[in-house]
Each structure stands twice: as structure tokens, then as C-alpha cells.
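Novice: In terms of my numbering, the sequence shown opens at residue 8 and continues consecutively.
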Amino acid sequence: MIALGILLALVLLLVVFGLLFRLQILTSIFSGSYVRQVGLSNRVNAILMLVFMVVGMAAFAYSFIANFDKMNPPIASVHGLHTERMFWITMIIIGIVFVLTQVALFVYSYKYQYREGRRAFFYSHNNKIEVIWTVIPAIVMAGLVFGGWKEWTNIMGPAPANSVELEIMGKQFNFLVRYPGRDGKLGPINYRLIDATNEFGFNLNDQRSLDDFTAGEVHVPKGVPVLLHIRSRDVLHAVYSPHFRVQMYAVPGMPTKFWFIPTKTTDEMRAQTGNPNFNFEIACNQICGRGHFAMKSTIIVDEPDDYVAWYAQQKPFAEQNPDVLAAFKNKKTPVIEEVPAATTAAPAATEKAQAAL
Numbered sequence: 008m009i010a011l012g013i014l015l016a017l018v019l020l021l022v023v024f025g026l027l028f029r030l031q032i033l034t035s036i037f038s039g040s041y042v043r044q045v046g047l048s049n050r051v052n053a054i055l056m057l058v059f060m061v062v063g064m065a066a067f068a069y070s071f072i073a074n075f076d077k078m079n080p081p082i083a084s085v086h087g088l089h090t091e092r093m094f095w096i097t098m099i100i101i102g103i104v105f106v107l108t109q110v111a112l113f114v115y116s117y118k119y120q121y122r123e124g125r126r127a128f129f130y131s132h133n134n135k136i137e138v139i140w141t142v143i144p145a146i147v148m149a150g151l152v153f154g155g156w157k158e159w160t161n162i163m164g165p166a167p168a169n170s171v172e173l174e175i176m177g178k179q180f181n182f183l184v185r186y187p188g189r190d191g192k193l194g195p196i197n198y199r200l201i202d203a204t205n206e207f208g209f210n211l212n213d214q215r216s217l218d219d220f221t222a223g224e225v226h227v228p229k230g231v232p233v234l235l236h237i238r239s240r241d242v243l244h245a246v247y248s249p250h251f252r253v254q255m256y257a258v259p260g261m262p263t264k265f266w267f268i269p270t271k272t273t274d275e276m277r278a279q280t281g282n283p284n285f286n287f288e289i290a291c292n293q294i295c296g297r298g299h300f301a302m303k304s305t306i307i308v309d310e311p312d313d314y315v316a317w318y319a320q321q322k323p324f325a326e327q328n329p330d331v332l333a334a335f336k337n338k339k340t341p342v343i344e345e346v347p348a349a350t351t352a353a354p355a356a357t358e359k360a361q362a363a364l
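(1) So within the region 156 to 195, which uninterrupted beta strand (DSSP E) runs reach at least 3 residues, ignoring any that extend past its ends?
(2) To the nearest angstrom, report how far apart S248 and E137 are at their CA atoms.
(3) CA-CA distance, A362 and F180?
(4) Kindly list the residues whose CB is nearer than 7 angstroms to the CB of N49, restricted to its own chain and excluding five residues on each side of it in sequence; keep chain order.
(5) Between I306 and I289, which are expected to be in contact by the criterion C-beta below 8 angstroms, what is the C-beta distance as a whole number of angstroms?
(6) Check F365 in the structure and name its three-state DSSP category.
(7) With distance defined between alpha-carbon atoms, name the residue in L183, T272 and K264 nearest to F324.
(8) Do you know how far the Cα of V225 is from the Cα of A278?
(9) How far does the beta strand (DSSP E) with Q254 in it reach, from first residue to last?
(10) Can you give, in chain order, each stretch of the alpha helix (DSSP H) that sits fully within the region 66 to 141 and has at least 4 residues?
(11) In three-state terms, what does DSSP make of K336?
(12) Alpha carbon to alpha carbon, how far is V315 from R215?
(13) Which residues mark the beginning and the end of the beta strand (DSSP E) in which D309 is found?
(14) What is the rounded straight-line gap between the Cα of I294 and the Cα of I99?
(15) For Y117, I'd like the list of residues in its chain whose CB is within less than 6 angstroms of its CB, leaving aside the five on either flank, ordered along the chain.
(16) Do you know whose CA, among P80, V51, R238 and Q321, lies nearest F287's CA?
(17) Quick check on this structure: which residue in V106, F75 and I101 has the alpha carbon closest to the alpha carbon of G63?
(18) Cα-Cα, which of G87, Y318 and V258 is closest to D218?
(19) Distance, Cα to Cα, V23 vs L17?
(20) So, at 6 angstroms on beta carbons, what are the nonlocal neighbours of G296 in its own chain, with the 5 sequence-adjacent residues on each side left out?
(21) With the cut-off set at 8 angstroms, would you say M276 and F285 are in Cβ contact?
(22) Please go through the same chain and pick out, in chain order, the residues whose beta-carbon is closer than 6 angstroms to the beta-carbon of A166, but skip the five residues on each side of it.
(23) Tell me which same chain residues have a C-beta within less than 8 angstroms of the C-beta of V85, skipping the five on either side of it?
The structure is reproduced here in C-alpha cells:
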């Protein structure tokens, strides 16, 4: 309390001094004795503006170059190349405009610094200039928006017929992964069926769910379209994989999706980066609670034959958990339809794996 009282006293003292200073200036003005002095400090401030501009831009350039590799991890998907090109086109245009406007701002501050005897010129408007700086940005922005819309529709449109499909469910604080079995169809799930064992909420009374299996990490084949069905079990999460340029929210109650084509296997990326421990990863980049920092999962990109071998070794959830299956049969739990985007046929990329089963 004593410290708080001292702090309040100091604040009040500063306020009083400020008011006394303003009162002195007003008294000088009314008495005619106040003369505004503009000396060397004005010119020094104008020069410092230019120094700030040069040093600031040099620091920005250094930071950008030094951290370029960290900000731009190697691309490992087809659409990532298109996204990257669109990103850098946008950045170049914005960068040029940023540099020009900042240079103009600081140079004008120096050039038109206050000087005794200088009179301001009132320039209300110029129709030609206003048309130019309205039409040109509108055309450029329309081009950027159109390019972004085109890329977005490609990503969010129907995935190719031969896509490998899987579902990723985010929950505090990890990702759950499930694959369709030999029928190539993800069965229905429902949150009311979730328990400590049945974390996905499988409805095992539905035939489509009996061959679905879960995995501790995501496996996908190189060079084959991969369709991710994404959902959240509790709060807002995100499925973010920087090397594939994949970013999609996992929204409670609203399934989303994203498809991409991997172009490099995990082994190839380990060789390219020189890091034998490299792994592609999925991370949640939406702050979702206390354990958000640890919410991530691994993606393994296999050669197609290796993916087929891995797929063939997986066992359905119902087979691994006979007690759960028996409970469904005994209770006759009704089918609760909550199905992700249905697969009409088994994905071509997994037909060999399904045959191997």
C-alpha cells in the first residue's frame, strides 16, 4: 500500500508540473512575450528521419535474408509450388509499394521540414492523380484476388478419383487418424459414442466401420492425391503442414477437407536436408489450450509400394478391440449417421493394399 501511495503521489506531481508548464506558455502567449524558437534540433530531427529509414530498411533486409530458409521450408507437394509462386508475386508487389511509400514518407519529412518564412501551399485535389492511384491498385488487387480464388477452387474442389482418403481429428492435445479398410469407405462416427477406447466414436453397428483402422501417424504415398477429411472433437484446431503448404482449420461440428499431392518421400527429404531425423509433421497452429505447444503428429511419405505394404499390415479397429465390437452387438446401438464426405469407390492407390488384405 505504501508503494502504491508513493506511485500515485509521483503521478499527481507530474500532472501538476505539466499543468504549470502549460500555464506558463499560455501566460507568455497572452502577454506577447512568447517567441517560438526553431533551432538546430529541427534539422537534426529531419536528418535522423532519413537515418532511421536507411537503418530500418537495412535491418529488415538483413533479417529477411538471414531467416529466409526458416520462413520457406522446402516444398514437397504439387500445389505448394503454385501457392509459393502466388505468395511471392503478392510479396513482390506489396514490397515495391511498401518501399516506395516509405521512401516518399521519410524523404518528404526531410524535404518539407519546418523553416522560417516557408509558407504552405494548399493543394485540394488532382483528379488525374486520384484516378491513377485508384484504378491501378484496383486492377492489381483484382488480379491477385482472381489468382487466389483460382488456386483456392483447385484445392477445395473435388479430389481426383484415385485419391487416398483418410480422416484427421484434432482434440486437446493430439491428432487422431483413421483410414478406410478394404471397402474404401469411411464409416459413420458420432461424438456420443466416444469413450476412452473408442476415441473416434466408431459406430460398429454399421458395416462400413468394421474395416476402418486407426494409426499413430499419417502414411501417404508419393505422387498420389491425398484427401484429408478434417474435424475437431472439442475446440478450434488446425491441420498445418508447412512442407506441403497445407493449412486448414478443424472446426467443431463442421467437417472440412484439403487435398494435395506429395512429391518427395520422407527419405528423399532427409537426404535433401542432410537431417537423418527429418520428418514431415502436422501441427496445430491455433492456440487451443494449455497443451497446444505439444499438439503435433508425424506424416510419413512412402514410395507407393512401401505404402501398400504398410497399409496391408494394418488391422481394423473392430478386430483390435473385440470387447468394443461385442458391446455394440449386445446393446444393438442404433446407426447414427454422421458420415464425412462419402467415398463412392475404393481409391485406386489403395486397391493393391486392399487386395493384399
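Every residue gets a Cβ at the ideal spot worked out from N, C-alpha and C, and that includes glycine.
Specialist: Quick look at the numbers:
(1) 171 to 178 and 181 to 186
(2) Along the sequence shown, read from residue 1 onward, the residue named residue 248 stands at position 241. Along the sequence shown, read from residue 1 onward, the residue named residue 137 stands at position 130. Near 43 angstroms, if we compare the C-alpha coordinates of E137 and S248.
(3) Along the sequence shown, read from residue 1 onward, the residue named residue 362 stands at position 355. Along the sequence shown, read from residue 1 onward, the residue named residue 180 stands at position 173. Because A362 carries a pLDDT of 47, less than 50, the predicted location of this residue cannot be relied on, and no value is offered for it.
(4) The residue labelled residue 49 in the question sits at position 42 within the sequence shown. Only Q120 and Y121 meet the Cβ criterion.
(5) Taking the first residue of the sequence shown as position 1, residue 306 is located at position 299. Taking the first residue of the sequence shown as position 1, residue 289 is located at position 282. About 6 angstroms; that satisfies the 8 angstroms criterion.
(6) Given that the chain is displayed from residue 8 to residue 364, the structure contains no residue 365 and the question cannot be resolved.
(7) Taking the sequence shown and counting its residues from 1, one reaches residue 324 at position 317. Minimum Cα distance to F324 is reached at L183.
(8) Position 271 of the sequence shown, counting from 1, holds the residue named residue 278. Position 218 of the sequence shown, counting from 1, holds the residue named residue 225. The C-alpha of V225 is placed about 20 angstroms away from the C-alpha of A278.
(9) As a first step, residue 254 must be located in the sequence shown, where it is residue number 247. First-last of the beta strand (DSSP E) with Q254: V253 to A257.
(10) 75 to 78 and 85 to 118
(11) If you number the sequence shown from 1, residue 336 lands on position 329. The answer is helix: DSSP assigns K336 an H, G or I state.
(12) Counting from one through the sequence shown, the residue named residue 315 turns up at place 308. Counting from one through the sequence shown, the residue named residue 215 turns up at place 208. Roughly 21 angstroms between the two C-alpha positions.
(13) In the sequence shown, the residue the question calls residue 309 occupies position 302. D309 -> beta strand (DSSP E) spans K303 to D309.
(14) Translated into positions along the sequence shown, residue 294 becomes position 287. Translated into positions along the sequence shown, residue 99 becomes position 92. So the two alpha carbons sit approximately 30 angstroms from each other.
(15) The residue you call residue 117 lines up with position 110 of the sequence shown. Counting only Cβ-Cβ distances below 6 angstroms, and skipping sequence neighbours, we find A53, M56 and L57.
(16) By 1-based counting over the sequence shown, the position of residue 287 is 280. Closest by alpha carbon: P80.
(17) Looking up residue 63 in the sequence shown gives position 56. Minimum Cα distance to G63 is reached at V106.
(18) Residue numbering aside, residue 218 sits at position 211 when the sequence shown is read from its first letter. Ranking G87, Y318 and V258 by Cα distance to D218 puts Y318 first.
(19) The residue you call residue 23 lines up with position 16 of the sequence shown. The residue you call residue 17 lines up with position 10 of the sequence shown. Their backbone Cα atoms lie some 10 angstroms apart in a straight line.
(20) Indexing the sequence shown from 1 puts residue 296 at position 289. Result list for G296: Q179, in chain order.
(21) In the sequence shown, counting from the first residue as 1, residue 276 sits at position 269. In the sequence shown, counting from the first residue as 1, residue 285 sits at position 278. In this structure, F285 lies closer than 8 angstroms to M276 by Cβ.
(22) As a first step, residue 166 must be located in the sequence shown, where it is residue number 159. Result list for A166: P232, L234 and W266, in chain order.
(23) By one-based count along the sequence shown, residue 85 stands at place 78. Taken in chain order, the residues that qualify are F267, I268 and T270.
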